[in-house]
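Written below as structure tokens is the structure these notes are about.
2 protein chains.
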Amino acid sequence: MLQVAVIEGLPEVSAGDDLVALIAEAAELEDGDILVVTSKIVSKSEGRMVAADDREQAITDETVRVVATRATANGGLTRIVENRLGIISAAAGVDASNTPDGTVLLLPLDPDGSARALCVGLREATGASVGVIISDTLGRAWRQGQTDVAIGAAGLQVFDDLRGSLDNAGKPLAVTMPCVADEIASAGDLVKGKTSGNPVAVVRGLGRLVGDLDLPGAATIVRPVEEDMFRTGTDESYDEGYRDGFAEGQAEAVGS
Amino acid sequence: MLQVAVIEGLPEVSAGDDLVALIAEAAELEDGDILVVTSKIVSKSEGRMVAADDREQAITDETVRVVATRATANGGLTRIVENRLGIISAAAGVDASNTPDGTVLLLPLDPDGSARALCVGLREATGASVGVIISDTLGRAWRQGQTDVAIGAAGLQVFDDLRGSLDNAGKPLAVTMPCVADEIASAGDLVKGKTSGNPVAVVRGLGRLVGDLDLPGAATIVRPVEEDMFRTGTDESYDEGYRDGFAEGQAEAVGS
């Protein structure tokens, strides 16, 4: 049995606030609990709200690589970009919802580090051996809508590595590596929602995943670009190939 | 508060078994419950196990479009393909785990239809207004590992459509459309696991999402190919562009 509940009564978070103290006071944590903390409040506590009249410019500033772009029906531009964490998304993690006009909220500089600091602090403050996930909302290449995923993690296994396990029929589960951190982040979103004002969920019943503080973080979930079969969009890749091919074709024809 | 629990005591499922009867007998369902049913047992009950000495050939047979391929370190080939449901995955939904040697399990022919039949049957058998999700395990373009998603759904909203809602700061949540069906499937996987032999989870606490039987199914989650910025892999798209560009470059040089 898994139980997922929001922590009620957390105040609005501002720069410099001590999230460990706020959470430890509002929640009764037990060994094996996993906290799913919306990245937004981590960013706010870390002072990552910046002045930005133009969200599009802020996205450009946070982008390290443009993956794909496409014109939208209303004359805008959908941009899929890689941010400095290697995460590929539509807005580089730049959040203009739930922020005052003229400001945007950037992602934490080091979400795994933020998760570890929260995890260490909460374990000390409460005596409970907990895990911490920092969640954000991402779109997907081939599926519509968004799901919450883990962009930071500490004190838990982010993958339930079943490679080498046997199925019920006694055959090896060859390539199965469920990303439980992303699944837990999604479960947390189902109770936190986007409009409820409850930015932290506690997931109880997955103590088997909770462990040492030096377990790999959520950065290990990001697929390295050299293994990414979709590292640039279809149109962008075609265009690049076309340019290269055109030049080669001309050169060959002229040279022959 | 969300509760996610497996239904214990379900027997091994075979072709022709009445899943409604099996589930209704094993579970005490309440209004608002959402069942997450592993596609594997739906396939088995629908007789979708087929003889196949060669899983790779079975994948080829189920493929309607090759999206991307890449050689693996051990001399094999990773294939990302679109199956007849439009779902893009590494194995076209062909499952060779938990099946006898020499057989593979194909996806249900119409997972939304299967979900609807289950939903209708369970509502009749139990009197409880429940929703049904049929889940499968998919990889992701930019993130390692897999998560469970909804490939069939009935009797619930698959998206929590927040477009037009206001955030806490009173600003519109422009493009936010959480795919709650996928998030619920992921939550179900956290208790079902891949090796536990418990193929059905009950999610309690999301009655707000449960509704009419004619709500759109999981087919609406699949992004239409014409809106898919990653409809073919980077290398495949580049190569296609290169061939076209090369031919054009040659023709232009010759014609000038």
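Quick note, the sequences are listed as chains E and R, same order. Going by the numbering used here, the first residue of the first sequence is number 669, and it counts up by one from there. Going by the numbering used here, the first residue of the second sequence is number 669, and it counts up by one from there. Cβ coordinates follow ideal geometry from the N, Cα and C atoms, glycine included. On a predicted model such as this, the values are computed, not experimentally measured, just so you know.
When the Cα atoms are used, what is the spatial distance from Glu698(E) to Val749(R)? 44 Å
Exposure of Val705(E), with buried meaning 16 or more beta-carbon neighbours within 10 Å: buried
What span of residues does the alpha helix (DSSP H) with Gln918(R) cover, start to end? Under the DSSP assignment, Gln918(R) falls in the alpha helix (DSSP H) whose first and last residues are 902-923.
Segments of 4+ residues assigned as alpha helix (DSSP H) that fall wholly inside the segment 804-889 of chain E: Segments of the alpha helix (DSSP H) lying fully in the segment 804-889 of chain E: 848-860.
Please tell me whether Arg899(E) has its Cβ less than 8 Å away from any Cβ of chain R. yes
Counting only the same chain and skipping the five closest in sequence on each side, list residues whose C-beta sits under 7 Å from that of Arg791(E). The residues are Ser797, Val798.
Closest residue to Gly761(R) among Gly781(R), Ile802(R), Leu786(R) (Cα-Cα distance): Ile802(R) is the residue among Gly781(R), Ile802(R), Leu786(R) whose C-alpha sits nearest the C-alpha of Gly761(R).
Helix, strand or coil for Ala739(R)? Go by DSSP, reduced to three states. strand
Could you pull the DSSP bridge partners for Arg747(E) from this structure? Bridge partners of Arg747(E) according to DSSP: Thr737(E).
Mind checking the segment 747-776 of chain R against chain E and listing, in chain order, the residues whose C-beta falls within less than 7 Å of any C-beta there? Ile748, Ile756, Ser765, Asn766, Thr767, Pro768
Note down, in chain order, each residue of its chain lying with its Cβ closer than 8 Å to the Cβ of Arg899(E), except the 5 sequence neighbours on either side. By the criterion of a C-beta distance shorter than 8 Å, Arg899(E) is surrounded in its chain by Val735, Val893, once the five residues flanking it on both sides are discounted.
Does the Cβ of Leu824(E) lie closer than 7 Å to at least one heavy atom of the ligand GTP? This structure simply doesn't include the ligand GTP, nor any ligand for that matter.
Using the beta-carbon of each residue, which ones in chain R are nearer than 8 Å to Met669(E)? Gln671, Val672, Ala673, Val859
Using a Cβ-Cβ cut-off of 8 Å, state whether Gln725(E) counts as contacting chain R. When Cβ-Cβ separations below 8 Å define contact, Gln725(E) makes no contact with chain R.
Counting C-beta neighbours from all protein chains within 10 Å, is the total for Pro679(E) 16 or more, i.e. buried, or is it exposed? exposed
Checking the sheet assignment: what are the DSSP bridge partners for Met717(E)? Leu773(E)
Using the C-alpha atoms, what's the distance from Gly820(E) back to Gly879(E)? 15 Å
Mind checking whether Gly861(E) and Val871(E) have CB atoms under 8 Å apart? Pairing Gly861(E) with Val871(E) gives a Cβ-Cβ distance that is not under 8 Å.
Using 8 Å for Cβ pairs, my map puts Gln825(R) next to Val848(R). What's the rounded Cβ distance? Taking a contact as a CB-CB distance under 8 Å, the pair Gln825(R) and Val848(R) counts as one, their CB atoms being some 7 Å apart.
Other residues of its chain near Pro779(E): CB distance less than 6 Å, five sequence neighbours each side excluded: Leaving aside the five residues that flank Pro779(E) on each side, the residues in its chain whose CB is nearer than 6 Å to its CB run, in chain order, Ile802, Ile819, Gly820.
Return no unless some Cβ of chain E is closer than 8 Å to the Cβ of Ile852(R). Interface residue, yes.
Give every residue of the same chain whose Cβ lies closer than 8 Å to the Cβ of Asp722(R), excluding the five residues on either side of it in the sequence, and list them in chain order. In its own chain, leaving out the 5 sequence neighbours on each side, no residue places its CB closer than 8 Å to the CB of Asp722(R).
Which same chain residues, not among the five before or five after Glu908(R), have their C-beta less than 8 Å away from its C-beta? Thr900
Enclosing alpha helix (DSSP H) for Thr767(R) [first to last residue]: Here Thr767(R) belongs to no alpha helix (DSSP H), and DSSP marks it neither H nor E.
Ala915(R) vs Gly813(E) beta-carbon contact at 8 Å: no
At the level of alpha carbons, what is the spacing between Ile691(E) and Pro867(E)? 11 Å
Closest residue to Ala720(E) among Glu851(E), Thr771(E), Thr844(E) (Cα-Cα distance): Thr771(E)
Alpha-carbon spacing of Leu633(E) relative to Asp912(R), whole angstroms: This structure cannot speak to residue 633(E), because chain E is shown only from 669 to 924.
Residue from Gly781(R), Pro846(R), Val859(R), Ser833(R) with nearest C-alpha to Gly823(R): Gly781(R)
Are any of the Cβ atoms in chain R nearer than 8 Å to that of Ala736(E)? yes
List the residues of chain R that Val848(E) touches, going by C-beta distances under 7 Å, in chain order. Chain R residues near Val848(E): Leu858.
What residue from Arg716(R), Met897(R), Asp769(R), Asp729(R) has the CA that sits closest to Thr740(E)'s CA? Minimum Cα distance to Thr740(E) is reached at Met897(R).
Whole beta strand (DSSP E) elements within the segment 670-720 of chain E, 3-residue minimum: 670-674, 702-706, 717-719
Per DSSP, Ser757(R) is paired with what? Val749(R)
Pro846(R) and Thr731(E) look like a contact to me (Cβ under 8 Å); what is the Cβ gap, rounded to whole Å? Not really, about 24 Å apart at Cβ, beyond 8 Å.
Between Trp810(R) and Ile675(E), which are expected to be in contact by the criterion C-beta below 8 Å, what is the C-beta distance as a whole number of angstroms? With a Cβ gap of about 30 Å, Trp810(R) and Ile675(E) do not count as contacting.
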